[in-house]
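Colleague: Sending over a structure as structure tokens; questions will come in a sec.
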Amino acid sequence: MKQGKLSGLLPIGVFLILFIGSGILFEDFYAMPAIVAFLLALAVALIQNPKKSLSEKLRVVTKSMGDENVMTMCLIFILAGAFSGAVQAAGGVESTVNFGLSIMPPKIAVAGLFIIACFISIAMGTSVGTIAALTPIAVGVGEKTGFTMAMCIGAVVCGAMFGDNLSMISDTTIAATKTQGCEMKDKFRENFKIVLPAAIITILLFLLLAGNSEYKIIGELEYNLFRILPYLVVLIGALVGGNVFVVLLLGTFCSILVGVVSGTIPIASIFTVIASGTDGKGGIMSMYDITVISIVVAGIIGLVKENGGIDYILSLIKKRVKTNKGAQFGIAALSSLVDISTANNTIAIVMAGPIAKDISEEFQIEPRRTAALLDIFTSVWQGIIPYGAQLLYASAGAAAVGVTIAPMEIIPYLFYPILMAVSGIIAILCSKSPRVK
Numbered sequence: 003m004k005q006g007k008l009s010g011l012l013p014i015g016v017f018l019i020l021f022i023g024s025g026i027l028f029e030d031f032y033a034m035p036a037i038v039a040f041l042l043a044l045a046v047a048l049i050q051n052p053k054k055s056l057s058e059k060l061r062v063v064t065k066s067m068g069d070e071n072v073m074t075m076c077l078i079f080i081l082a083g084a085f086s087g088a089v090q091a092a093g094g095v096e097s098t099v100n101f102g103l104s105i106m107p108p109k110i111a112v113a114g115l116f117i118i119a120c121f122i123s124i125a126m127g128t129s130v131g132t133i134a135a136l137t138p139i140a141v142g143v144g145e146k147t148g149f150t151m152a153m154c155i156g157a158v159v160c161g162a163m164f165g166d167n168l169s170m171i172s173d174t175t176i177a178a179t180k181t182q183g184c185e186m187k188d189k190f191r192e193n194f195k196i197v198l199p200a201a202i203i204t205i206l207l208f209l210l211l212a213g214n215s216e217y218k219i220i221g222e223l224e225y226n227l228f229r230i231l232p233y234l235v236v237l238i239g240a241l242v243g244g245n246v247f248v249v250l251l252l253g254t255f256c257s258i259l260v261g262v263v264s265g266t267i268p269i270a271s272i273f274t275v276i277a278s279g280t281d282g283k284g285g286i287m288s289m290y291d292i293t294v295i296s297i298v299v300a301g302i303i304g305l306v307k308e309n310g311g312i313d314y315i316l317s318l319i320k321k322r323v324k325t326n327k328g329a330q331f332g333i334a335a336l337s338s339l340v341d342i343s344t345a346n347n348t349i350a351i352v353m354a355g356p357i358a359k360d361i362s363e364e365f366q367i368e369p370r371r372t373a374a375l376l377d378i379f380t381s382v383w384q385g386i387i388p389y390g391a392q393l394l395y396a397s398a399g400a401a402a403v404g405v406t407i408a409p410m411e412i413i414p415y416l417f418y419p420i421l422m423a424v425s426g427i428i429a430i431l432c433s434k435s436p437r438v439k
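Here is the structure:
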């Protein structure tokens, strides 16, 4: 195994210092736009490794930027923006929120957002697609009830990470089972029994917080069931396991149809609302920032890997593994550090998977347990890091419907990823070491 270099991780450190440091220093996490911090980190990565020419480094950057997973994610962002702009213009967001609040007590609305997000993300197999569909509704719930907006959006992100970690069609599940050579059903059972307590406690926490909050219904709860149809299309499409691209395209088409028939979208404005929403700031245009950030981050990670940063993490963990439980903690730490460095849980699993398999075979860890640990701990950090696609999109999705909220504001309400980590640690501590033959 290559030893790697700690210096290879410098660009990640530069970004964290600039982005988080400026937010703390100026008490404003918009003082340093994320894209500016990432560009400075990219500049640092390009300066490193003087043995390679700039053209060679740029070749690595552009190859990473064009990675299949990155481009797929960017296409999801674009389609999600189109759906968001169209459904908002059609009046679907307001009607869905008002209908939901009219049939259930407001105190359970936030927990309800978490549960719905769990089901949708399990069905769709993508946390980003789930956040795309539900963030506007979370914003609407916050506006109507007076609940903290960050808490409502945090509930959606929590549910999205629950399904991303467990779904049979999730990239992370596929990558984890393929790298460890186990069946999906076995990994699901192992994974589910570890994270179920975290999900139950998360529901209780949201019920407790919402129940103790001072809330009031703002405005009349007027709704039109016909305008809810686009969300039903997306929900049903997700639950039957439809492809996320097809589901979002159908949702967008249905939103336009509903808007034109109900008179909320003039025929002349059909393409405008898809591109920029009703206020000129939503729709596909609202996804530009997150799309560019995702591409730039992919380029940075390409150089981090090329400069030995990822290899350094891999070798560091493997050297320190001595026992069965230590090996499980090593796999957890390995997957965590690689995800923090790559900001992509699928890529992190693919990178860490072969090393984790070597460790598990040496210390007699069942493949299903290794696959579960890989998926759990990459999902933990993917749901928390402020520069990950999930929180960046949650922020962008809120902006698409006119609400400004920074990723750092959502983090205090991300109970599920944190509890998932706790559940994973407890599962390791309570595991029985295999008998020595």
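Numbering (the numbering used here), first residue to last: 3 to 439.
Glycine included, C-beta positions come from ideal geometry on N, C-alpha and C.
Predicted model only: the values in this text are computed from it and were never measured.
1) Have a look at Leu416, Asn347 and Met422 and flag the residue whose alpha-carbon is nearest the alpha-carbon of methionine 151.
2) For the alpha helix (DSSP H) containing leucine 316, name the first residue and the last one.
3) Mapping DSSP to helix, strand and coil, what is tyrosine 225?
4) Which residue marks the beginning of the alpha helix (DSSP H) containing leucine 8, and which one marks its end?
5) So alanine 334 and lysine 189 are in contact, right, with Cβ under 8 Å, and what is the actual spacing, rounded?
6) Take every Cβ of the region 385-393, pair it with every Cβ of the region 198-210, and state whether three or more of those distances are shorter than 8 Å.
7) Expressed to the nearest angstrom, what Euclidean distance is found between the alpha-carbon atoms of leucine 316 and serine 397?
8) Please state the DSSP three-state secondary structure of asparagine 51.
9) Say whether chain C places a C-beta atom closer than 7 Å to the C-beta of leucine 393.
10) Measuring alpha carbon to alpha carbon, tell me which of Ser278, Thr179, Leu20 and Val46 ends up nearest alanine 354.
11) What's the C-alpha gap between leucine 56 and glycine 265?
12) Please list, in chain order, all residues of the same chain as valine 438 whose beta carbon is under 8 Å from its beta carbon, the five residues on each side excluded.
13) Are alanine 350 and aspartate 341 closer than 7 Å when you measure CB to CB?
14) Are the beta-carbon atoms belonging to phenylalanine 331 and isoleucine 430 less than 7 Å from one another?
15) Would you identify the three-state DSSP class for valine 438, choosing helix, strand or coil?
16) For valine 405, name the three-state secondary structure that DSSP assigns.
17) CA-CA distance, isoleucine 37 and aspartate 291?
18) Can you have a look at isoleucine 105 and say buried or exposed, based on whether 16 or more other CB atoms are within 10 angstroms of its CB?
19) Could you spell out where the alpha helix (DSSP H) holding lysine 109 opens and where it closes?
20) Tell whether a beta-carbon distance below 7 Å holds between alanine 157 and leucine 115.
21) How long is the line joining the alpha carbons of leucine 48 and leucine 20, rounded to whole angstroms?
22) Using a Cβ-Cβ cut-off of 7 Å (strictly less than) and excluding sequence neighbours within five positions of isoleucine 367, which residues of its own chain qualify?
23) Which one of Thr344, Asn347 and Thr372 has the shortest CA to CA distance from proline 356?
24) Quick check: the Cα distance between isoleucine 139 and glutamate 363, rounded to an integer number of angstroms?
25) Tell me which same chain residues have a C-beta within less than 6 Å of the C-beta of leucine 18, skipping the five on either side of it?
26) Residues in its own chain within less than 7 Å of methionine 62 by CB, not counting five upstream and five downstream?
27) Hey, would you say methionine 34 sits closer than 7 Å to isoleucine 297, going by beta carbons?
28) Is alanine 140 helix, strand or coil by DSSP?
29) Would you report the Cα separation of valine 143 and glycine 183, rounded to the nearest angstrom?
30) Give the DSSP-derived three-state secondary structure of leucine 421 in the structure shown.
31) Could you tell me the distance, in whole angstroms, from the CA atom of alanine 119 to the CA atom of threonine 293?
32) Considering only residues of the same chain and omitting the five flanking positions on each side of isoleucine 124, which have a CB-CB separation below 7 Å?
33) So what's aspartate 173 in DSSP terms, helix, strand or just coil?
34) Could you tell me the boundaries of the alpha helix (DSSP H) in which glutamine 384 lies?
Modeller: Per the coordinate set shown:
1) The shortest Cα separation from methionine 151 among Leu416, Asn347 and Met422 belongs to Leu416.
2) Counting along the chain, the alpha helix (DSSP H) containing leucine 316 begins and ends at 311-321.
3) For tyrosine 225, the three-state secondary structure derived from DSSP is coil.
4) Looking at the DSSP string, leucine 8 is not in any alpha helix (DSSP H), and its letter there is neither H nor E.
5) About 15 Å; that fails the 8 Å criterion.
6) No, the region 385-393 is not in contact with the region 198-210.
7) So the two alpha carbons sit approximately 32 Å from each other.
8) DSSP, reduced to helix, strand and coil, places asparagine 51 outside both helices and strands of the structure shown, so it counts as coil.
9) The structure shown contains no chain C, having only a single protein chain.
10) Cα-wise, what sits closest to alanine 354 is Thr179.
11) Distance between the alpha carbons of leucine 56 and glycine 265 is about 55 Å.
12) Unreliable positioning characterises valine 438 in this predicted model, as indicated by a pLDDT of 45, which lies under 50. The coordinate reading is nonetheless provided below. The answer is none, since no qualifying residue turns up.
13) Taking 7 Å as the Cβ cut-off, alanine 350 and aspartate 341 qualify as a contacting pair.
14) Yes. Within cutoff.
15) Its pLDDT being 45, under 50, valine 438 is placed unreliably in this model, and the value from its coordinates should be taken loosely. The three-state reading of DSSP puts valine 438 in coil, since its state is none of H, G, I, E or B.
16) Looking at valine 405 - three-state DSSP - the assignment turns out to be coil, as it is neither helix nor strand.
17) One alpha carbon belongs to isoleucine 37, the other to aspartate 291, and they sit about 8 Å apart.
18) By the neighbour-count rule (16 or more Cβ atoms within 10 Å), isoleucine 105 is not buried but exposed.
19) Segment: none, lysine 109 is in no alpha helix (DSSP H) and carries neither H nor E.
20) Contact: yes.
21) Whole-angstrom Cα-Cα distance: 17 Å.
22) So the list reads Asn326, Ala329 and Gln330, once near-sequence residues are dropped.
23) When only C-alpha atoms are compared, the closest one is Thr372.
24) Their Cα atoms are separated by approximately 46 Å.
25) In its chain, beyond the 5 residues on either side, no residue has a beta carbon closer than 6 Å to the beta carbon of leucine 18.
26) The sequence shown places valine at residue 62, not methionine. Residues of the same chain with a CB within less than 7 Å of the CB of valine 62, apart from the 5 flanking positions on each side, are Gly304, Leu305 and Glu308 in chain order.
27) Judged by their CB atoms, methionine 34 and isoleucine 297 are not nearer to each other than the 7 Å cut-off.
28) Of the three classes helix, strand and coil, the one that applies to alanine 140 here is helix, per DSSP.
29) Glycine 183 has its alpha-carbon roughly 43 Å from the corresponding atom of valine 143.
30) In the structure shown, leucine 421 sits in a helix (DSSP, three-state: H, G or I).
31) When only Cα atoms are considered, alanine 119 and threonine 293 end up about 23 Å apart.
32) Same-chain partners within the cutoff: Gly165, Leu168 and Ser169.
33) In the displayed model, aspartate 173 falls within a helix according to three-state DSSP.
34) 369-384 is the extent of the alpha helix (DSSP H) around glutamine 384.
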